[in-house]
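Asks: Taking UniProt numbering, the leading residue of the sequence shown gets 1, the next gets one more, and so forth. By construction, the Cβ of each residue, glycine as well, lies at the ideal position given by its N, Cα and C atoms.
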Amino acid sequence: MADNLHEARSEYYHHVSEKLGHLVEELEGAVSEVPYKNGRPLRSQNQDRAMDDSESVTSDPTELFHRDIGTQTSPPPSLYETSNSKIEEKTVDSEVKKLTAISAALRELTLMHTQRAESIADLRTEIGQTRDLVDKLAYPPIQDFSTYGGLSYGQSAEADDEFKRTKDAIRSVKGLFLSSRSFPAAATR
1 MADNLHEARS EYYHHVSEKL GHLVEELEGA VSEVPYKNGR PLRSQNQDRA
51 MDDSESVTSD PTELFHRDIG TQTSPPPSLY ETSNSKIEEK TVDSEVKKLT
101 AISAALRELT LMHTQRAESI ADLRTEIGQT RDLVDKLAYP PIQDFSTYGG
151 LSYGQSAEAD DEFKRTKDAI RSVKGLFLSS RSFPAAATR
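#1: In whole angstroms, what separates the C-alpha of residue 30 from that of residue 12?
#2: Go to residue 17, then tell me how far its alpha helix (DSSP H) extends in each direction, as first and last residue.
#3: Quick check: the Cα distance between residue 132 and residue 180, rounded to an integer number of angstroms?
#4: Round the Cβ separation of residue 129 and residue 104 to the nearest angstrom and send it over; I've been treating them as touching at under 8 Å.
#5: By the three-class DSSP mapping on this structure, what secondary structure does residue 180 have?
#6: Please give me, in chain order, every unbroken run of the alpha helix (DSSP H) with length at least 4 that falls completely inside the segment 101-128.
#7: Where does residue 162 fall in DSSP's three states?
#8: In angstroms, rounded to a whole number, what distance separates the CA positions of residue 3 and residue 17?
#9: To the nearest angstrom, how far is it from the Cα of residue 33 to the Cα of residue 15?
#10: So which of 92, 135, 127 has the shortest CA-CA distance to residue 176?
#11: Consult DSSP for residue 95 and reduce its assignment to one of helix, strand or coil.
#12: Keeping to the same chain, check which residues put their C-beta closer than 7 Å to that of residue 6; ignore five residues upstream and five downstream.
#13: Only counting the same chain, and skipping five residues up and downstream in sequence, which positions put a Cβ closer than 8 Å to that of residue 119?
#14: Output the distance between the C-alpha atoms of residue 10 and residue 20, rounded to the nearest integer angstrom.
#15: Would residue 137 and residue 166 be called neighbours here (beta carbons separated by less than 8 Å)?
#16: Please report how far the alpha carbon of residue 163 lies from the alpha carbon of residue 116, in whole angstroms.
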C-alpha cells in the first residue's frame, strides 16, 4: 500500500510539473521579456532594439510582472521623482488659488466695513441735523414786531419753512434707517 501511494504521488508530481512547464512556456510567450530564468537575468533578443527605442522601459505593463513571484514590481525611481514634482506643482498651484481666494474675501470684507463706516457717519450727520432742527422748533426764535410790514401779530413765514425742513429731515433719516442693512434694535423700557 505504501508503494502504491508513493507511485501515485510521483505520477501526480510528474503530471503537474509537465502541465506547469507548459503553462510557463505559454506565459513566457505572452510577455515581451522574461526577466529571470533559474535565478539568472536573461539577455533579451530585442535588448539592442529596446535601447534605441524612444519608448519608456515601463510603458508595457507586462514588463513589470515577475513570472516567478507573481507580484507587480515598482517602476524605476526616476518616474516617481517626476510624478512627485508634478504633484508638488499641483499642490503649490492649489495653495496659490486658495490664498488668492482668501485675499479676495478679505478685500471684500474691508470694502464692506469701509462702506458701513461711511453710512454710519452719514447717519450720525443726519441725526445731528435733525436734532438741531428739533431744538430750533422747541425754542422758537425771537420774533420781530416791526411796523414796516403793517400789522403783524408776531407770526412769521419762517415757521412753516422750519416745519417743512424738519419733516424733510425726519423723512431722510427714516429713509437711511430703512435702507441700512442692520437696523438698530429698539431699546425696551
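Replies: From the atom records:
#1: 27 Å
#2: 2-30
#3: 23 Å
#4: Actually they are not in contact, since the Cβ atoms of residue 129 and residue 104 sit about 38 Å apart, beyond 8 Å.
#5: coil
#6: none
#7: helix
#8: 21 Å
#9: 27 Å
#10: 127
#11: helix
#12: none
#13: 176, 180
#14: 15 Å
#15: yes
#16: 31 Å
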